[in-house]
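Engineer: Take this structure, written in structure tokens, and hold onto it; I'll ask about it next.
There are 2 protein chains.
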Amino acid sequence: MAAGSLQGRKQQTNEHFTRADELMWAALDLFAERDFASVTIKDIAHAIGVNTALIYYYFESKEDLFRATVENAVVRALDNYKTLREKHDDPVDLINDWFYNNLQLSDPIRKLVKIMLDYSSSRINFPSVDCLIKQFYDEECSILSDSIRRGIAAGTFKPADADRLALFVSTHLDGIMAAAMIRPQFDLSAAIADLRDLLWQHLGVSESTNPRTAGSDHLRSPGTGI
Amino acid sequence: MAAGSLQGRKQQTNEHFTRADELMWAALDLFAERDFASVTIKDIAHAIGVNTALIYYYFESKEDLFRATVENAVVRALDNYKTLREKHDDPVDLINDWFYNNLQLSDPIRKLVKIMLDYSSSRINFPSVDCLIKQFYDEECSILSDSIRRGIAAGTFKPADADRLALFVSTHLDGIMAAAMIRPQFDLSAAIADLRDLLWQHLGVSESTNPRTAGSDHLRSPGTGI
DNA sequence: GTCTATATGCAGATAGAC
DNA sequence: GTCTATCTGCATATAGAC
Numbered sequence: 150m151a152a153g154s155l156q157g158r159k160q161q162t163n164e165h166f167t168r169a170d171e172l173m174w175a176a177l178d179l180f181a182e183r184d185f186a187s188v189t190i191k192d193i194a195h196a197i198g199v200n201t202a203l204i205y206y207y208f209e210s211k212e213d214l215f216r217a218t219v220e221n222a223v224v225r226a227l228d229n230y231k232t233l234r235e236k237h238d239d240p241v242d243l244i245n246d247w248f249y250n251n252l253q254l255s256d257p258i259r260k261l262v263k264i265m266l267d268y269s270s271s272r273i274n275f276p277s278v279d280c281l282i283k284q285f286y287d288e289e290c291s292i293l294s295d296s297i298r299r300g301i302a303a304g305t306f307k308p309a310d311a312d313r314l315a316l317f318v319s320t321h322l323d324g325i326m327a328a329a330m331i332r333p334q335f336d337l338s339a340a341i342a343d344l345r346d347l348l349w350q351h352l353g354v355s356e357s358t359n360p361r362t363a364g365s366d367h368l369r370s371p372g373t374g375i
Numbered sequence: 150m151a152a153g154s155l156q157g158r159k160q161q162t163n164e165h166f167t168r169a170d171e172l173m174w175a176a177l178d179l180f181a182e183r184d185f186a187s188v189t190i191k192d193i194a195h196a197i198g199v200n201t202a203l204i205y206y207y208f209e210s211k212e213d214l215f216r217a218t219v220e221n222a223v224v225r226a227l228d229n230y231k232t233l234r235e236k237h238d239d240p241v242d243l244i245n246d247w248f249y250n251n252l253q254l255s256d257p258i259r260k261l262v263k264i265m266l267d268y269s270s271s272r273i274n275f276p277s278v279d280c281l282i283k284q285f286y287d288e289e290c291s292i293l294s295d296s297i298r299r300g301i302a303a304g305t306f307k308p309a310d311a312d313r314l315a316l317f318v319s320t321h322l323d324g325i326m327a328a329a330m331i332r333p334q335f336d337l338s339a340a341i342a343d344l345r346d347l348l349w350q351h352l353g354v355s356e357s358t359n360p361r362t363a364g365s366d367h368l369r370s371p372g373t374g375i
């Protein structure tokens, strides 16, 4: 088994990055900016200043490095969501922090979406990656829908179909990441703010309850309180 | 100049596809399902049963074929939008038909979004393609925002920031296409219906005005008329 | 662990026959 | 217009020295 395998590798000591980690970081950047086929192992090795042959010491093949890189990125994203969940009791706070998180980490999240897109539309197929991607989106929707359900149960939010609304928000976030890649001068932070405001409006949570959104009701005309 | 160039090629006779057209169609399919680097000219030539050398009779290079393919796809999409616009006077009808159009043509539109994503995140760069992609998104947003403005002016819609709302819908559509690529079993038609219903709700247009959306108010809980 | 050197194969592209 | 044959270069991957 290759040293880069998520299952087989000994737990990293957390104090310093291993070479395999360095390679996966460099690979993530390159795979995200371009795509699997056009990134060469020479590019990846040179990005951290080592010889191409070294990659084959840590990984079985280019595909194996790709698999490990995607797994690594998704696992990190899932860890991040877990931390987020444990940090909040209040559904409004959790949802607001989820939006804030997506704004602050928009760059790595965009990379993650890009690499998942490339993976999906390639003939490369790893059950472990399929499973992690599903987990990622399930967790994202779950954070949102659980919070929405709790807010509705507490009477803070207006009634709504929590699952569908969560999927809507999650899908829109994908759209924001895609638009940020395709469209020149797309304003990602404004788009996230618009999505957040729309959700609160839909759930009947006023802006005054939530200082972070104050004065950013973009989708509604100014001066009309409808 | 290559025969495949949009500017230089003589107008096609519209009655039968030229070889160049056949090649671009095959290339669109392949580039959309995979990506530029992993699709070989052998794949493209074999897809229509000709020899690889023939590609270089019609196009200067693989990149030139890619450019022509993207240009061709975007021009077709723009033509489609133009037809859509000319077909409707009523803003509600136009917006509804825009949604219907996106549902009916979801497959080619998904391919277009995929190929634009690949183009954007490749180091290949053609001013003509940049310009067409910008035109495409401008036209999409313009169809929506113009209709919204007219509806508001007529008093049919509630007041809203037409440009931002149009961008929101357009961005969400990108998200739907991305989600359809990444997520297994994503329900594209339900997602389009949800987006449409949300827009009408936001603009205060009741479902009864519009037979096509009746009974599909997914984002709101059943039984609650809020 | 990290390197040099190299084998192998294939993709993009051209020349030229028909 | 379409093909056969071939050149060229590069990318993945391996063997083996240090």
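Protein chains in written order, with the numbering used here: chain U, 150 to 375; chain E, 150 to 375.
Backbone N, C-alpha and C fix where the C-beta goes; we use that ideal spot for every residue, glycine too.
Leaving out five residues before and five after U:Asp312 in sequence, what residues of the same chain have Cβ atoms less than 6 angstroms from its Cβ?
Structural biologist: Closer than 6 angstroms at Cβ, skipping near neighbours: Ser294.
Engineer: Check U:His237 in the structure and name its three-state DSSP category.
Structural biologist: In the structure shown, U:His237 sits in coil (DSSP, three-state: anything other than H, G, I, E or B).
Engineer: Please go through the same chain and pick out, in chain order, the residues whose beta-carbon is closer than 7 angstroms to the beta-carbon of U:Leu316, but skip the five residues on each side of it.
Structural biologist: Only Cys290 meet the Cβ criterion.
Engineer: Label E:Pro240 either buried or exposed according to how many other C-beta atoms from any shown protein chain fall within 10 Å of its C-beta, with 16 as the threshold for buried.
Structural biologist: When all chains shown are included, E:Pro240 counts as buried.
Engineer: Between E:Gln253 and U:Asn200, what straight-line distance do the alpha-carbon atoms span, to the nearest angstrom?
Structural biologist: For E:Gln253 and U:Asn200, the distance between alpha carbons rounds to 50 angstroms.
Engineer: Give, in chain order, every residue of the region 172-190 of chain E whose Cβ lies closer than 9 angstroms to some Cβ of chain U.
Structural biologist: Taking 9 angstroms as the Cβ-Cβ cut-off against chain U, the residues of the region 172-190 of chain E that qualify are Ala181, Glu182, Arg183, Asp184, Phe185, Ala186, Ser187, Val188.
Engineer: Who are the near neighbours of E:Lys263 in its chain, counting only those whose CB is closer than 7 angstroms to its CB and skipping five residues on each side?
Structural biologist: These residues qualify, in order along the chain: Ala181, Met330.
Engineer: Please confirm whether E:His321 has its beta-carbon closer than 8 angstroms to some beta-carbon of chain U.
Structural biologist: Output row for E:His321: interface = yes.
Engineer: Buried or exposed: U:Asp256, going by 16 or more other Cβ atoms within 10 Å of its Cβ?
Structural biologist: By the 10 Å Cβ count, U:Asp256 comes out exposed.
Engineer: Going by DSSP, what residue range makes up the alpha helix (DSSP H) through U:Leu254?
Structural biologist: Looking at the DSSP string, U:Leu254 is not in any alpha helix (DSSP H), and its letter there is neither H nor E.
Engineer: Which residues in chain E sit within 7 angstroms of U:Ala340, going by Cβ to Cβ distance?
Structural biologist: Result: Thr320.
Engineer: Run through DSSP, which three-state label would U:Ile273 get?
Structural biologist: Residue state, collapsed to three classes: coil.
Engineer: Whose C-alpha, out of U:Ser355, U:Leu177, U:Phe185, is nearest the C-alpha of U:Ser269?
Structural biologist: Selected option, being the one with the closest Cα: U:Phe185.
Engineer: Report the three-state DSSP secondary structure of U:Phe180 (helix, strand or coil).
Structural biologist: In the structure shown, U:Phe180 sits in a helix (DSSP, three-state: H, G or I).
Engineer: Assuming E:Met173 and E:Ile258 form a contact by the criterion Cβ under 8 angstroms, report the distance between their Cβ atoms to the nearest whole angstrom.
Structural biologist: Not quite, the Cβ-Cβ distance comes to about 17 angstroms (not below 8 angstroms), so this is no contact.
Engineer: So that I know if they touch, is there some Cβ in chain U lying closer than 8 angstroms to that of E:Ile375?
Structural biologist: Unreliable placement is indicated for E:Ile375, whose pLDDT of 45 sits below 50; no coordinate value is reported for it.
Engineer: Grouping DSSP H, G and I as helix and E and B as strand, with all else coil, what is U:Phe215?
Structural biologist: Residue state, collapsed to three classes: helix.
Engineer: Distance cutoff 8 angstroms, beta carbons only. Does E:Leu348 sit that close to anything in chain U?
Structural biologist: Chain U contact via Cβ: absent.
Engineer: Can you list, in chain order, the residues of the region 260-289 of chain U whose Cβ is nearer than 8 angstroms to any Cβ on chain E?
Structural biologist: Listed by position, the residues of the region 260-289 of chain U near chain E (Cβ gap below 8 angstroms) are Val262, Lys263, Met265, Leu266, Asp267, Ser269, Ser270, Ser271, Arg272, Asp279, Ile282, Lys283, Tyr286.
Engineer: Return the first residue and the last residue of the alpha helix (DSSP H) that E:Phe166 is part of.
Structural biologist: That residue, E:Phe166, is in no alpha helix (DSSP H); it is neither H nor E in DSSP.
Engineer: If I'm right that E:Ile292 touches E:Tyr230 with Cβ under 8 angstroms, what's the distance once you round it to whole angstroms?
Structural biologist: 6 angstroms between Cβ atoms; contact.
Engineer: For the alpha helix (DSSP H) holding U:Thr320, just list the boundary residues, first then last.
Structural biologist: Per DSSP, U:Thr320 belongs to the alpha helix (DSSP H) from 311-331.
Engineer: Using a Cβ-Cβ distance cut-off of 8 angstroms, determine whether E:Arg216 contacts chain U.
Structural biologist: It does not; no Cβ of chain U falls within 8 angstroms.
Engineer: Please name the residue, chosen from E:Tyr286, E:His351, E:Glu209, E:Arg168, that lies closest to E:Leu322 on a Cα-to-Cα basis.
Structural biologist: Comparing Cα-Cα distances from E:Leu322 to each of E:Tyr286, E:His351, E:Glu209, E:Arg168, the minimum goes to E:Tyr286.
Engineer: Which word fits U:Ile197, buried or exposed, when buried means at least 16 other C-beta atoms lie within 10 angstroms of its C-beta?
Structural biologist: By the neighbour-count rule (16 or more Cβ atoms within 10 Å), U:Ile197 is not buried but exposed.
Engineer: For the 8 angstroms Cβ check, are there 3 or more pairs between the region 274-281 of chain U and the region 216-228 of chain U?
Structural biologist: Because the criterion of three Cβ pairs below 8 angstroms is met, the region 274-281 of chain U and the region 216-228 of chain U touch.
Engineer: Using a beta-carbon distance below 8 angstroms, is U:Phe317 in contact with chain E?
Structural biologist: Chain E, which has a Cβ nearer than 8 angstroms to the Cβ of U:Phe317, makes this yes.
Engineer: Just the Cα atoms here: how many angstroms apart are U:Arg168 and U:Ala222?
Structural biologist: Their Cα atoms are separated by approximately 16 angstroms.
Engineer: Starting from the Cα of E:Val354, find the closest Cα among E:Met265, E:Asp242, E:Phe166, E:Ala175 and give me that residue.
Structural biologist: Selected option, being the one with the closest Cα: E:Asp242.
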